[in-house]
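As structure tokens, the structure follows; a few thoughts come after it.
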Amino acid sequence: MPTLPTSVSALWRRPLVRDALRAAALLAAWLLAILLALRLGWYPFQLESYIYLGVITALALLLCRRWPLVGLVLVGIASVWPAWYFDVPELRIVPLVVAGFIAAASGLQLRIAAPVVVVSVVLTVVPSFMWGVDYTGETAWVLETLVYSDPSTRILAGLVAIGAMLLGASVHAQRRTVASLRERNAELERLREADAARIVAEERTAIARDIHDVVAHHISAMVIRAQAADRVADTRPEELRDTVRWIAGTGQDALGAMRQVVRVLRSDTGAPALMAPADFAAALDAIVGRVRDTGLVVEVAIDPDLDLTTLQQAAVVRIVQEGLTNVMLHSDATAARIALGARDRSIELRIDDEGSEASAVSSSGGGSGIRGMRERAEAAGGTLVAGRLNGRGWTVLVRLPEPSRELVRA
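Each residue of the sequence shown is one higher than the last, beginning at 23 in this note's numbering.
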């Protein structure tokens, strides 16, 4: 069951309720002011006109926010009504000041509000005798007050009404500007959050690729070497010690690579893909050496004059590592070939094996290996194609853009 404060808050959130309460408060204050003036000895010529003036002003506050044009027209008609008499004639402008400001602030266009306000002001400041009111006898003093008194105060009152309308239009324009800025800020915040989410996703993907490459390559080589040692354990037991030492060394390399990934995760600069090793050629030799130790023959042909950017070196190292890992795991090939060189204004990396058709189909896999290699190639600005490109075995073909000399030196 809603509490009283909750119910009051819900009612206050309704614009019509707020306007009604404000109008009632204004009317109450107006009537109290009249009562106070009467107690102090003020005796107006026509008391009801002052009461009507308060009622019309309260109605302006109530109507003009929700129905700007209707409220402004009704208040304008009431303001020029000739039967009203005031000791201070400019008081009949008061409802028009309130209505003009609220209507313009509520969004009524100036091209609509201005004619209504200007016409109402003109008709209000013009002496009432022009509208056929008989100012004779007891009301003759009204004629003197309205016609022969200084008109400057009435003109000033009319300018105040017009100024209030212009001020309301300015308030409305400011509100629209503030709303537009809030909307833009909200959109920028959404874009910032989306961009942050995208960066996080890219970082997670890069980390997942690095972890996959490190674990898959090292562990696969260790498993294959251990399986080979198990097969010859009975006939050549002396090779077990060498195999165990090799597995231990490869495990240490894997742990070192994993620590590097962890350092990237803990760094304050984010988690980009691991950069290329300090020695590009040595990194490739280490990968090829581990694969050769498993019994796979690997031929390597690399253009010694080839210049690669740091990002391209990282991509080549990881693609070669993953490509050879796939050969070890999924192919029955006994040999593989790696070729890296410039061709047709691009850099081409090719990894071939001559496994059977069945093993080639298996090499396509369903895991993240090929997807990770393709992502690395695309991150370096290149493309990757994998399949039976030479009619037999399996081929991974990568083409990277040839970097400019300035970019390579940088």
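Each residue gets a CB set at the ideal place from its N, CA and C atoms; glycine is no exception.
Around the C-beta of Arg312, are 16 or more other C-beta atoms found within 10 angstroms, so that it is buried, or is it exposed?
-> buried
Which of helix, strand or coil DSSP assigns to Asp325 | coil
For Ala251, which of His240, Asp264, His239 has the nearest alpha-carbon?
-> Asp264
Asp375 versus Arg206: straight-line alpha-carbon distance, rounded = 56 Å
From Ser174 to Glu70, what does the alpha carbon distance come to, in whole angstroms?
-> 26 Å
Identify the residues that DSSP records as bridge partners of Thr405: which are they?
-> Arg421
Endpoints, the beta strand (DSSP E) within which Arg359 is located = 357-365
Please check the pair Leu94 and Leu130, which I expect to be a contact at CB under 8 Å, by giving their CB distance rounded to whole angstroms.
-> 7 Å
Check whether the segment 346-357 touches the segment 302-319, taking contact to mean three or more Cβ pairs, one atom from each stretch, closer than 8 Å.
-> yes
Inspect the beta-carbon positions of Ala82 and Val139 and report whether they are closer than 8 Å.
-> no
For Trp416, the residue or residues it bridges with in DSSP = Asp375
Trp416 Cβ short of 7 Å to the ligand PLP heavy atom set = Questions concerning the ligand PLP fall outside what the structure shown contains, since it holds no ligand whatsoever.
Where does Ser353 sit, in a helix, a strand or coil, going by DSSP?
-> coil
Pairwise C-alpha distance: Arg44 and Gly185 = 23 Å
Count the other C-beta atoms from every protein chain shown that fall within 10 angstroms of the C-beta of Ala202, then say buried if there are 16 or more, exposed otherwise.
-> Checking the sequence, you will find Ser at residue 202 rather than Ala. Flag for Ser202 reads exposed.
Does the separation of the CB atoms of Thr417 and Gly409 fall below 8 Å?
-> yes
Ile137: buried (16+ other C-beta within 10 angstroms of its C-beta) or exposed?
-> Here residue 137 turns out to be Pro, not Ile, going by the sequence shown. Classification for Pro137: exposed.
Going by the CB atoms, is the gap between Leu48 and Thr79 shorter than 8 Å?
-> yes
Contact set for Val310: own chain, Cβ-Cβ below 7 Å, skip 5 residues either direction | Val320, Val322
If you drop the 5 nearest sequence neighbours on each side, which residues of the same chain put their C-beta closer than 6 Å to that of Ile124?
-> Cys86, Arg87
8 Å CB neighbourhood of Arg36 in its chain, flanking five on each side removed = none
Determine the burial state of Gly273: buried for a count of at least 16 other Cβ atoms within 10 Å of its Cβ, exposed for fewer.
-> exposed
Alpha helix (DSSP H) runs contained entirely in the segment 59-105, provided each spans 4 or more residues | 69-85, 90-101
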